[in-house]
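Numbering (this note's numbering), first residue to last: 52 to 276. All C-beta atoms, glycine included, are put in the ideal place defined by N, C-alpha and C. Here's the structure we're looking at; comments come further down.
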Amino acid sequence: MVTMRLLRDSILQTKCKTCLCSATRAAVLVLCLLASSTQLLAADEESPRVYWDAETRITWDYFQAAIPPFHPSTENSAINTGIEWSCKYAMRRSSDEQTYSLCVVPDDLVAVAWMNPENSWVDRTVVTANSLEYMRLQFDLQHVYAQRLQIDLLAIEEKITATNQANTIVQSVAQPILDACREATRRCGVETQLGSSPKELSEWIAAVSSWLETPRLAPLSWENG
Numbered sequence: 052m053v054t055m056r057l058l059r060d061s062i063l064q065t066k067c068k069t070c071l072c073s074a075t076r077a078a079v080l081v082l083c084l085l086a087s088s089t090q091l092l093a094a095d096e097e098s099p100r101v102y103w104d105a106e107t108r109i110t111w112d113y114f115q116a117a118i119p120p121f122h123p124s125t126e127n128s129a130i131n132t133g134i135e136w137s138c139k140y141a142m143r144r145s146s147d148e149q150t151y152s153l154c155v156v157p158d159d160l161v162a163v164a165w166m167n168p169e170n171s172w173v174d175r176t177v178v179t180a181n182s183l184e185y186m187r188l189q190f191d192l193q194h195v196y197a198q199r200l201q202i203d204l205l206a207i208e209e210k211i212t213a214t215n216q217a218n219t220i221v222q223s224v225a226q227p228i229l230d231a232c233r234e235a236t237r238r239c240g241v242e243t244q245l246g247s248s249p250k251e252l253s254e255w256i257a258a259v260s261s262w263l264e265t266p267r268l269a270p271l272s273w274e275n276g
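As structure tokens, then:
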């Protein structure tokens, strides 16, 4: 049996009132668990993160960065959030010795939503209750798609003819989910006018609440808009 480990980090920066969803990714293919764990630890030491927790709702106290001196007057807050994920996959040679059976190792799969307080800021003189709900909604969306990522990665059962195909298959499952998460956050911002439209904000909160209960309901594709 051959095992490999993938490490990924999907990052989003969302600002309230003015839409900004820039995403970056870092990809590392590692051959042992220790190396990837070290990578995660190093990232945490540089930028302390808060991980999504159903029992802990974020408040403005989590937004600790200084207000940018030249930010547009229409912006009152911004959250730095994303999905941190890694997985170890196994390839077992089939009895015919011509193919491998590929699957993700459940105990070595991690997919969690995070926010970085040191890169998130708020101007408390102008924010509203809806502004905070919108920030929470953005964080919840990251968690929804982190859970969807776990579900779909664990469902991988593929026959491959070469070990170098494994990485491509795992990425082909993960990438559409990460793309859907980015699109969901964008649409949420557009449709709720970045949290300033109460009706649309309530509709999104209701939808995301149902996705939190059943992550597979979260859409991977959207109609044009």
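Based on the DSSP secondary-structure assignment, which residues constitute the bridge partners of residue i?
| i | result |
| --- | --- |
| D230 | Looking at the DSSP assignment, D230 forms no beta bridge with any residue, so it has no partner. |
| I211 | Y151 |
| Y185 | BP columns for Y185 are empty, so no partner. |
| V101 | M166 |
From residue i to residue j, what distance separates their C-alpha atoms?
| i | j | result |
| --- | --- | --- |
| W273 | P227 | 12 Å |
| V101 | R233 | 20 Å |
| L252 | D147 | 55 Å |
| N215 | A116 | 43 Å |
| E254 | P119 | 31 Å |
| Y151 | I220 | 13 Å |
| D158 | N131 | 28 Å |
| M282 | L160 | Nothing can be reported for residue 282, as the shown portion of the chain is limited to 52 through 276. |
| W262 | A235 | 12 Å |
| F190 | W165 | 8 Å |
| T265 | L192 | 13 Å |
| S137 | Y113 | 25 Å |
| H122 | T176 | 15 Å |
| N167 | D104 | 14 Å |
Can you tell me whether residue i is helix, strand or coil according to DSSP?
| i | result |
| --- | --- |
| T107 | strand |
| T243 | coil |
| A94 | Residue placement at A94 cannot be trusted, given a pLDDT of 41 that sits under 50; the coordinates are not used to answer. |
| A217 | helix |
| S272 | coil |
| L85 | Note that L85 has pLDDT 19, beneath the 50 cutoff, so the model's placement of it is unreliable and the number below is only indicative. Note: L85 maps to helix in three-state DSSP. |
| L71 | With a pLDDT of only 30 at L71, under 50, the local geometry of the prediction cannot be trusted, and no value is derived from it. |
Ends of the alpha helix (DSSP H) at residue i?
| i | result |
| --- | --- |
| I207 | Here I207 belongs to no alpha helix (DSSP H), and DSSP marks it neither H nor E. |
| A258 | P249 to E264 |
Uninterrupted beta strand (DSSP E) stretches inside the segment 115-181 (no shorter than 3 residues): 128-144, 151-155 and 161-166
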